[in-house]
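A.B. asks: Here it is, the structure in full.
2 protein chains.
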Amino acid sequence: MGIVATSADLRSDLMDDLVQTSFAVAAVLTRVGAAHDLSLTLLRLLGILQDRQPKMAELADYLVLEKSTVSGLIDRAETRGLVQRSTTPEDGRSVRVGLSTKGRCLARTVEAEIAGALAPLTGRLTPQDQRQVHTLLARMLTETAP
Amino acid sequence: MGIVATSADLRSDLMDDLVQTSFAVAAVLTRVGAAHDLSLTLLRLLGILQDRQPKMAELADYLVLEKSTVSGLIDRAETRGLVQRSTTPEDGRSVRVGLSTKGRCLARTVEAEIAGALAPLTGRLTPQDQRQVHTLLARMLTETAP
DNA sequence: TATTGTTATACTCTATAACTATA
DNA sequence: TATAGTTATAGAGTATAACAATA
């Protein structure tokens, strides 16, 4: 087997790992979320809103969803008292979304539970290896300049 | 900062990476799947059926879904000509599911497209680093003995 | 006229509960 | 009676298209 073939196999193995990792982590997130009646999408929403109070259109960008989809999502989250819509003074059309106190509290709780649920996986690596994976995954996730 | 705190931060950073990686890969899979009218779940289904002809109940186990959910899933996949149901001789109640020729062809196509779509990410790492991540992720995904 | 967001509609995905057929 | 699978029903998530309000 030549150099080229070896490289292809390597990349293919890595891709399998990435897909498997993606599903494994998604399964954990789904399970933890379900315990609080939160879908993966609502989980992401809470995560995003922890650092921002975006407008609906920005939220659609973050989530890579249609604005109509986000409208429904926020409708349900608002009904449950997790988020609040507010108008913006600078533009009468815009709507800004933010976490309610209840939503913020839930976001923190869920975050901690996710950390706990992922610990058994990360715990299979030594601290050095954890650092190594962290460094390499972070590099892989870095946006390349357009 | 002491040893314990450092370890906690390390693990937390790694968890963020894992969650981000999961979403990034899921986004790629969703995009590639959408080009062929395949949801993430149907994508997983095709992947699973490439190596197996499971019964409905086994499929539900693989996918971690209710059997009624799998019934609907297979209904739609069968309508599209991607899979076939067949009865088993040993048990008149069981139904075995397998890929059709069309489904197998689609599975291969999509697999290649996913590899291509993930290449920009893995390509940010040197071959040595790719091997390293592969080794460590594989270790992390390994089931620990119960 | 262009934009921001919502509403109407339709389909997929998902679960629970009730059902059919076989064991 | 228990098991394998399907059907009925309901709700969340999603997109497309049409709409209202503001710019």
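Protein sequences, first through last, are from chains A and B. Sequential numbering from 1 applies to the first sequence in the working numbering. Sequential numbering from 1001 applies to the second sequence in the working numbering. Yeah, the Cβ is synthetic: ideal placement off N, Cα and C, and Gly gets one too. Small disclaimer: the values here were computed from a predicted structure and weren't measured.
Can at least three beta-carbon pairs, one atom from the stretch 1122-1131 of chain B and one from the stretch 1028-1045 of chain B, be found at a separation below 8 Å?
C.D. replies: Result no; under three Cβ-Cβ pairs closer than 8 Å.
A.B. asks: Keeping to the same chain, check which residues put their C-beta closer than 7 Å to that of residue 85 (chain A); ignore five residues upstream and five downstream.
C.D. replies: Position 85 of the first sequence, counting from 1, holds the residue named residue 85 (chain A). 74, 78, 95 and 97, listed in sequence order.
A.B. asks: Using only alpha-carbon positions, find the residue among B:1019, B:1139, B:1059 and B:1030 that is nearest to residue 124 (chain A).
C.D. replies: As a working mapping, residue 124 (chain A) is identified with position 124 in the first sequence. Ranking B:1019, B:1139, B:1059 and B:1030 by Cα distance to residue 124 (chain A) puts B:1139 first.
A.B. asks: Is it true that the stretch 9-23 of chain A meets the stretch 57-75 of chain A, where meeting means three or more beta-carbon pairs spaced less than 8 Å apart?
C.D. replies: Judged by Cβ distances under 8 Å, the stretch 9-23 of chain A makes no contact with the stretch 57-75 of chain A, as fewer than three pairs qualify.
A.B. asks: Can a CB atom of chain B be found closer than 8 Å to the CB of residue 36 (chain A)?
C.D. replies: Residue mapping note: residue 36 (chain A) aligns to position 36 of the first sequence, counting from 1. Cβ-Cβ to chain B under 8 Å: no for residue 36 (chain A).
A.B. asks: Listing by chain order, which chain A residues have their CB less than 8 Å from the CB of residue 1017 (chain B)?
C.D. replies: Numbered from 1 along the second sequence, position 17 holds the residue referred to as residue 1017 (chain B). Neighbours of residue 1017 (chain B) on chain A, chain order: 133, 134, 137, 138 and 141.
A.B. asks: Hey, could you find the ends of the beta strand (DSSP E) residue 1086 (chain B) is sitting in?
C.D. replies: Residue mapping note: residue 1086 (chain B) aligns to position 86 of the second sequence, counting from 1. Per DSSP, residue 1086 (chain B) belongs to the beta strand (DSSP E) from 1083-1087.
A.B. asks: Using C-beta distances below 8 Å, list every residue in its chain close to residue 118 (chain A), excluding the 5 sequence neighbours before and after it, in chain order.
C.D. replies: Walking along the first sequence from the start, residue 118 (chain A) turns up at place 118. Taken in chain order, the residues that qualify are 25 and 28.
A.B. asks: Residue 1098 (chain B) lies in the beta strand (DSSP E); which residues open and close that run?
C.D. replies: Numbered from its first residue, the second sequence carries residue 1098 (chain B) at position 98. Run containing residue 1098 (chain B): 1095-1099, per the beta strand (DSSP E) assignment.
A.B. asks: Is the beta carbon of residue 46 (chain A) sitting closer than 8 Å to the one on residue 121 (chain A)?
C.D. replies: Stepping through the first sequence from its first residue, residue 46 (chain A) is reached at position 46. Stepping through the first sequence from its first residue, residue 121 (chain A) is reached at position 121. For residue 46 (chain A) and residue 121 (chain A), no; Cβs fall outside 8 Å.
A.B. asks: Using beta carbons (cut-off 8 Å, strictly below), is residue 1025 (chain B) in contact with chain A?
C.D. replies: As a first step, residue 1025 (chain B) is located in the second sequence; it is residue number 25 there, counting from the start. Yes - at least one Cβ of chain A is within 8 Å of the one on residue 1025 (chain B).
A.B. asks: Is the beta carbon of residue 1102 (chain B) less than 8 Å from the beta carbon of residue 1072 (chain B)?
C.D. replies: Against the second sequence, residue 1102 (chain B) aligns to sequence position 102. Against the second sequence, residue 1072 (chain B) aligns to sequence position 72. Cβ distance not < 8 Å, so residue 1102 (chain B) and residue 1072 (chain B) don't count as in contact.
A.B. asks: Could you give the first and the last residue of the continuous alpha helix (DSSP H) run that contains residue 139 (chain A)?
C.D. replies: Residue numbering aside, residue 139 (chain A) sits at position 139 when the first sequence is read from its first letter. First-last of the alpha helix (DSSP H) with residue 139 (chain A): 127-141.
A.B. asks: Give a yes or no on whether the minimum CB-CB distance between residue 22 (chain A) and chain B is below 8 Å.
C.D. replies: As a position in the first sequence, residue 22 (chain A) is number 22, starting the count at 1. So yes, residue 22 (chain A) belongs to the interface.
A.B. asks: The alpha helix (DSSP H) that contains residue 1067 (chain B), what's its start and end?
C.D. replies: Walking along the second sequence from the start, residue 1067 (chain B) turns up at place 67. Run containing residue 1067 (chain B): 1067-1079, per the alpha helix (DSSP H) assignment.
A.B. asks: Among A:89, A:83 and A:92, whose alpha-carbon lies nearest the alpha-carbon of residue 52 (chain A)?
C.D. replies: Position 52 of the first sequence, counted from the first residue, corresponds to residue 52 (chain A). The residue with the shortest Cα to Cα distance from residue 52 (chain A) is A:83.
A.B. asks: Within the continuous alpha helix (DSSP H) that includes residue 1058 (chain B), where are the two ends?
C.D. replies: Residue 1058 (chain B) sits at position 58 when you count from the first residue of the second sequence. Run containing residue 1058 (chain B): 1056-1063, per the alpha helix (DSSP H) assignment.
A.B. asks: Report back the beta-carbon spacing between residue 34 (chain A) and residue 1015 (chain B) to the nearest angstrom; my notes put them in contact at under 8 Å.
C.D. replies: On the first sequence, residue 34 (chain A) is found 34 positions in, with the first residue counted as 1. On the second sequence, residue 1015 (chain B) is found 15 positions in, with the first residue counted as 1. About 19 Å separates the two Cβ atoms, so there is no contact after all.
A.B. asks: In the structure shown, what three-state DSSP assignment does residue 35 (chain A) receive?
C.D. replies: Within the first sequence, residue 35 (chain A) is the residue found at index 35, counting from 1. Three-state DSSP puts residue 35 (chain A) in coil, outside helix and strand.
A.B. asks: Can you give me the C-alpha to C-alpha distance between residue 88 (chain A) and residue 54 (chain A), rounded to a whole angstrom?
C.D. replies: In the first sequence, the residue the question calls residue 88 (chain A) occupies position 88. In the first sequence, the residue the question calls residue 54 (chain A) occupies position 54. Distance between the alpha carbons of residue 88 (chain A) and residue 54 (chain A): 11 Å.
A.B. asks: Return the residues of the stretch 97-124 of chain A that lie within a Cβ-Cβ distance of less than 9 Å from chain B, sorted by chain order.
C.D. replies: From the stretch 97-124 of chain A, only 114, 115, 118, 119, 120, 121, 122, 123 and 124 have a Cβ closer than 9 Å to chain B.
A.B. asks: Output, in chain order, the set of chain B residues within a Cβ distance shorter than 7 Å of residue 64 (chain A).
C.D. replies: Your numbering for residue 64 (chain A) matches position 64 in the first sequence. What residue 64 (chain A) touches in chain B: 1027.
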